[in-house]
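Chains as they are written, first to last, in this note's numbering: chain A, 2 to 356; chain B, 2 to 356; chain C, 2 to 356; chain D, 2 to 356. From the three backbone atoms N, C-alpha and C, an ideal C-beta is built for every residue, glycine too. Please read these numbers as outputs of a predicted model, since none were measured by experiment.
Protein chains: 4
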Amino acid sequence: MAGSNFGTLFTLTSFGESHGIALGGVIDGMPANIEIDFEAIQSELDRRKPGQSDLVSPRKEKDVVEFLSGFFDGKSTGTSIGFIIKNDDQQSKDYENIKDSFRPSHADYTYAEKYGIRDYRGGGRSSARETVARVVAGALAKQVLNHLDIRFSTYVCQVGTISLEQLGFYPKELIEASLVRCPNESTAYKMIQEIEQTRLAGDTIGGLIACCIENVPAGIGEPVFDKLHAELAKAMLSINAVKGFEIGSGFAAAAMKGSEHNDLFNADGSTKSNHSGGIQGGISNGMPIEFKVAFKPVASILQTQEMLTKDGALKSSEIKGRHDACVVPRAVPIVEAMAAMVILDFYLRNKSVHL
Amino acid sequence: MAGSNFGTLFTLTSFGESHGIALGGVIDGMPANIEIDFEAIQSELDRRKPGQSDLVSPRKEKDVVEFLSGFFDGKSTGTSIGFIIKNDDQQSKDYENIKDSFRPSHADYTYAEKYGIRDYRGGGRSSARETVARVVAGALAKQVLNHLDIRFSTYVCQVGTISLEQLGFYPKELIEASLVRCPNESTAYKMIQEIEQTRLAGDTIGGLIACCIENVPAGIGEPVFDKLHAELAKAMLSINAVKGFEIGSGFAAAAMKGSEHNDLFNADGSTKSNHSGGIQGGISNGMPIEFKVAFKPVASILQTQEMLTKDGALKSSEIKGRHDACVVPRAVPIVEAMAAMVILDFYLRNKSVHL
Amino acid sequence: MAGSNFGTLFTLTSFGESHGIALGGVIDGMPANIEIDFEAIQSELDRRKPGQSDLVSPRKEKDVVEFLSGFFDGKSTGTSIGFIIKNDDQQSKDYENIKDSFRPSHADYTYAEKYGIRDYRGGGRSSARETVARVVAGALAKQVLNHLDIRFSTYVCQVGTISLEQLGFYPKELIEASLVRCPNESTAYKMIQEIEQTRLAGDTIGGLIACCIENVPAGIGEPVFDKLHAELAKAMLSINAVKGFEIGSGFAAAAMKGSEHNDLFNADGSTKSNHSGGIQGGISNGMPIEFKVAFKPVASILQTQEMLTKDGALKSSEIKGRHDACVVPRAVPIVEAMAAMVILDFYLRNKSVHL
Amino acid sequence: MAGSNFGTLFTLTSFGESHGIALGGVIDGMPANIEIDFEAIQSELDRRKPGQSDLVSPRKEKDVVEFLSGFFDGKSTGTSIGFIIKNDDQQSKDYENIKDSFRPSHADYTYAEKYGIRDYRGGGRSSARETVARVVAGALAKQVLNHLDIRFSTYVCQVGTISLEQLGFYPKELIEASLVRCPNESTAYKMIQEIEQTRLAGDTIGGLIACCIENVPAGIGEPVFDKLHAELAKAMLSINAVKGFEIGSGFAAAAMKGSEHNDLFNADGSTKSNHSGGIQGGISNGMPIEFKVAFKPVASILQTQEMLTKDGALKSSEIKGRHDACVVPRAVPIVEAMAAMVILDFYLRNKSVHL
């Protein structure tokens, strides 16, 4: 396991570099006999792809997924699903200037230190472009979870200092209506302005994404090390540029008293508040699962910065390539994809608890 | 893998309930021929155990670890290490009143929903008492990492609203000198007062723990899904009562610009700032690894609360048993143990990158 | 994963050396709410233990299993099961003479080469004494499989050149009625004589064990790498002294024609012959699963042999300690235990194929 | 893990059906910075592909591997390697007649029972065509092992009743000079005649493959469950049509005495005989690793046989499609590929034994 595999029963093993021939992966453990909506998968990829608006990277990728196995007559066969997404718009010459030097806060230096060799074009394997494979697997997971009526609402809740006041489960239409994928129109407007100003200054800016999952039945999750929110945390922190994760009350819990934090029961087993974020002792309690993910500003800024050369010199240089001024709008489907993979995986794992 | 296993090459598989005969586990993948300081392991357990002061649970446990295999002539043999810690001070009758009802914000309800059976005494397997096994494995990991000069500094940096201003690498002596394991004397004093007042009110309070790891060589961590900080996040969120994790700049990154967040290089490959928290692209860069962990207030408050009975009724009841008013002082060695296990595991995994 | 873990959903992680304090393990993934017959577990251990007759090692071990967790009110809780078996009759001084030398065809040399350190007393971790942990896990697996009416018949079908003519599913009473666990009385008698003569000559002898499993439903097993018989093969070859595995027609298939080997169907899906051994394409077809396991003669013979010393000298020496002249009678419960663990694990894995 | 993943540190995850668009996989854990001979990989595929001679399936596949990631400037980057092999010569209409019926001794029935859906064209995922992905991964593993001077000799040692008398390490030239991949010319001639006669009779025939691996250093393999030969057994039994595995003395050991079976040492740690097959206690001892693999006759015979229909009727039918009269000649590179993957995986695992 050298890092390209995720999941226990529903698994994705992915491959591909930013400027290679293609990216893709193998999904194993897909339940059998599920009718697939292939257009829905492609539309998830379209949500992630660059070039959607002025706010994001202008790289033009069609990001068309080609499935090579695992389906028959439009249904999943239960065997492994191979797929590829070809790279079209590689402008590798943009990266000639970093061939022998390391950009600050990128993975250039750490990959070189680890492997002694690196594909410097667009960050190679460390590029966020690898997340296309996650979106494909997540889209399949969501189609399975649809049969269980499990629903996701994922959206941008903060960009820079502009934040959405009211969290909760927002309908997808509201989220997708906004260029920044923030479901509140006036907040979204401010976020767009913030990103636009940042972009014009040749800078980048961070943000937060919220995810709310409804109808996860009680009992999903494993005790001790494989707590459901522990795996969600790993899933989120494995996404490029993520610096933090919190479930339910999160960091605010540190300043709270037990008497205010405890989620008192209703008679039907639901709770009056949801500081637990839908998970207690690592296992879902039937309430909505609610977590937030923090993204740092993209490291590729369009300003002159000092890079480190292989030979240990510092040289001023500009980063070329096409980058996002703010990554969170495009990261929404990635967060949702990873969440869906985790929930489906743990749903399947839970089936072995009873004979 | 039903949740009681952690790690890939250096692994802990644990067992045990709060009020069972014993807890313990199996550690596999311990490097061979390492001379062991058994007293140092016991002293880590002593840091975690209840009854250390008025601030924490008065349960009296000796928490003596007995090793049953894996050592010969005082050295590790490289084969699996079995160990047990016996339970001495079980007062199971304290739990008679929750036999048929579920405490709010505990795992009582979710375990019952998942398994259809539960050991209600002290929370059974969901009790934080299971962390004794983690401390044993972490203590062994730290002894291995000592040979590589990798050092840990883990301490309480917030209790309620009282927080430590300056983070960094504090010497263990300073941390252990304080009842709350906060290395600044005056902040520690305020934290103790805060906990004491909370305790007297029959309430509990949350907090934050910071961990700083020095001398991790560059190149440790795997790409894509098994990023080093993703596994650290999972490790931390798997600890009871943890609600959040952040690495480096963490949630503050959301409000930052790329131009301020980027860590510019020095000529030796170190960086002028460390917003990355020592990890870039999932792989260590040689800078200190710095993260924070948020703990909720303990759910067992000594006030009358409504519980849910098996039959769907709500009844007012008091939680008995012996509990911590604030869990973070005792959680410090647990956070450190999990961090040590992750670092050693990934250090060993990295050995296979080159022939 | 340093070798002491077995299984995917139903897992055993074991520890312990021949002359250490105790052996044991952790069983994870036990289905919840199964009523346990603890005496039945102990009686499986009694079948494996030394000192049962003149035919086997005279070492006197009570082999009493102590469960430390995972049960409540006589039922499995679904959480991890810790257990230990104490060593009583360690005569470590028997092994002083091999402290600095390697016995032929033992693991002494290979452990020393691998680890650079070894517990030479009784073979340490390489001793077949580790199989006690397997028998405990297998006994639990069998109790679960009982609920599905899955039954095992495991017996000795060859000792030296004496072999049982008719294979099939023999009742346990017939098998256990014989000192060598061969269900045919006259064959058993010849086997006993063969072993007795071998023992008196200070020598040892090999043998074969057959295993037949009835009522495994069709559909158990995974495609490609995790074929059901592939995992059975691994399980069997992981047992000390095993040199070969065959399923159904096995090695005889090499000399067969397709027209005679093919198992023609009956209208109900069963087959007229069972050369497939109950598994086709890695997946059970509902017919009895039938395989055979070859054991080499025990390496510890009571004759003078040349050992290799640490310093590269050859010295004539006698092996002390207490050993079996033929290992297969005591290996029967071990083979059955491993088979039960595999079947249960794959039964549980199969539950995730359908939503 | 639904069966399409193999290995712990060096892993292959594969996909693809006999008559789908393409087969392929992801190789993860490839050591970095290894210069690759891509032609050597293709030539391994050529050894496996159909249409090589009259003896094997006439299906015409170019079996050209396309690598999509994981290499840069002709060297491995250490990150995951995606690859595909397109299907060219699918004659799916050959399989219309089995759309609703199950061929005897194929996986048709078991896949239908397991998944409730199956790609009936050419056996779908259960087809031996999936082994192309194994050959690619094995070819890469061999190139890594070349740097350690670890060498493989794999050849046919039995077809029907014709068997090679002398086993051992034969040079590749001798093996490849023969259409049946048997290194002895006169035995090979008899085998060819046997296969030819069988083919003309519309029948198929089984066989044995021997594998000998030289220069594996002592110390490779893990104790207890992950013994080196246990994983080799699993690897071999996971290949289509394999019914048995034996290491060293194998099944013959059952009839041997310890005094003749024990491998006595030479002063340099090598042994005078090699009944152990190069592995003791699950760990290599530096002697050649020697094992044999038994293959059943291919189930697809060109004779009228009874099939079972979905509706439970038996109907006489002929199998169409293009099949091998004897699979062992083409299985030689598959056996070698799997062996290479296991040896490399365990070589890498062993690196973590010492700090």
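Identify, in the order they occur along the chain, each residue of the same chain with its Cβ nearer than 6 Å to the Cβ of residue i, setting aside the five sequence neighbours on each side.
i                        : result
alanine 219 of chain B   : Ser285, Asn286 and Gly287
arginine 126 of chain A  : Glu18
histidine 230 of chain B : Ile248 and Ile280
threonine 205 of chain A : Pro298, Val299, Ile302 and Ala326
tyrosine 121 of chain B  : Tyr96, Ile99 and Lys100
glycine 161 of chain D   : Glu195 and Ile206
glycine 245 of chain C   : Ala295
What is the DSSP secondary structure of residue i, reduced to helix, strand or coil?
i                           : result
glycine 139 of chain B      : helix
valine 108 of chain C       : Inspection of the sequence shows that residue 108 of chain C is occupied by alanine rather than by valine. In the structure shown, alanine 108 of chain C sits in coil (DSSP, three-state: anything other than H, G, I, E or B).
glycine 79 of chain C       : coil
methionine 257 of chain D   : coil
aspartate 227 of chain B    : helix
phenylalanine 11 of chain C : coil
arginine 202 of chain B     : The amino acid occupying residue 202 of chain B in the given sequence is alanine; arginine does not appear at that position. It is coil, neither helix nor strand.
aspartate 64 of chain A     : coil
arginine 152 of chain A     : strand
leucine 238 of chain C      : helix
glycine 125 of chain D      : helix
Go ahead and label residue i buried or exposed: buried means 16 or more other beta carbons lie within 10 angstroms of its beta carbon, across all protein chains shown.
i                           : result
aspartate 312 of chain A    : exposed
leucine 309 of chain D      : buried
asparagine 351 of chain B   : buried
glutamate 223 of chain B    : buried
tyrosine 45 of chain A      : One detail in the question is off: residue 45 of chain A reads as glutamate in this sequence, not tyrosine. Buried.
phenylalanine 73 of chain B : buried
aspartate 359 of chain B    : Chain B is shown only over 2 to 356; residue 359 of chain B falls outside these bounds and no answer can be derived.
asparagine 216 of chain D   : exposed
aspartate 227 of chain D    : buried
lysine 316 of chain A       : exposed
Taking the alpha-carbon of residue i as reference, which of the options has the nearest alpha-carbon?
i                        : options                                   : result
proline 289 of chain B   : B:Lys297, B:Phe296, B:Ile280 and B:Ala295 : B:Ile280
arginine 366 of chain D  : D:Arg130, D:Thr132 and D:Phe103           : Nothing can be reported for residue 366 of chain D, as the shown portion of chain D is limited to 2 through 356.
glycine 21 of chain B    : B:Ser58, B:Gly124 and B:Phe39             : B:Gly124
serine 128 of chain B    : A:Leu175, A:Gly283 and A:Leu149           : A:Gly283
arginine 48 of chain D   : D:Ala134, D:Lys293, D:Glu186 and D:Val333 : D:Val333
proline 51 of chain B    : B:Tyr171, B:Leu168, B:Asp90 and B:Lys173  : B:Asp90
serine 260 of chain C    : D:Pro330, D:Arg200 and D:Asp109           : D:Arg200
alanine 23 of chain A    : D:Ser15, D:Phe68, D:Phe7 and D:Phe39      : D:Phe68
glutamine 167 of chain C : C:Cys183, C:Gly8, C:Lys87 and C:Ala41     : C:Cys183
aspartate 109 of chain D : D:Ile320, D:Gln304 and D:Arg331           : D:Ile320
arginine 130 of chain A  : A:Ser274, A:Leu349 and A:Ser15            : A:Ser15
Which same chain residues, not among the five before or five after residue i, have their C-beta less than 7 Å away from its C-beta?
i                      : result
alanine 314 of chain B : none
serine 77 of chain C   : Met31, Pro32, Ala33, Asn34, Ile35, Ile37 and Gly71
Please go through the same chain and pick out, in chain order, the residues whose beta-carbon is closer than 8 Å to the beta-carbon of residue i, but skip the five residues on each side of it.
i                        : result
histidine 262 of chain A : Ser250, Ala254 and His276
Within 8 Å, do at least three Cβ pairs link the region 86-106 of chain D to the region 345-355 of chain C? no
Three or more C-beta pairs closer than 8 Å, one from the region 123-143 of chain D and one from the region 334-342 of chain D: is that the case here? yes
Any 3 or more C-beta pairs closer than 8 Å across the region 210-225 of chain A and the region 143-162 of chain A: yes
Any contact between the region 318-328 of chain D and the region 53-68 of chain D? By contact I mean 3 or more CB pairs, one from each, below 8 Å. yes
Would you call the region 289-298 of chain B and the region 261-271 of chain B touching, i.e. three or more CB-CB distances under 8 Å? no
Three or more C-beta pairs closer than 8 Å, one from the region 187-198 of chain A and one from the region 231-243 of chain A: is that the case here? Contact between the region 187-198 of chain A and the region 231-243 of chain A is absent, because fewer than three Cβ pairs lie under 8 Å.
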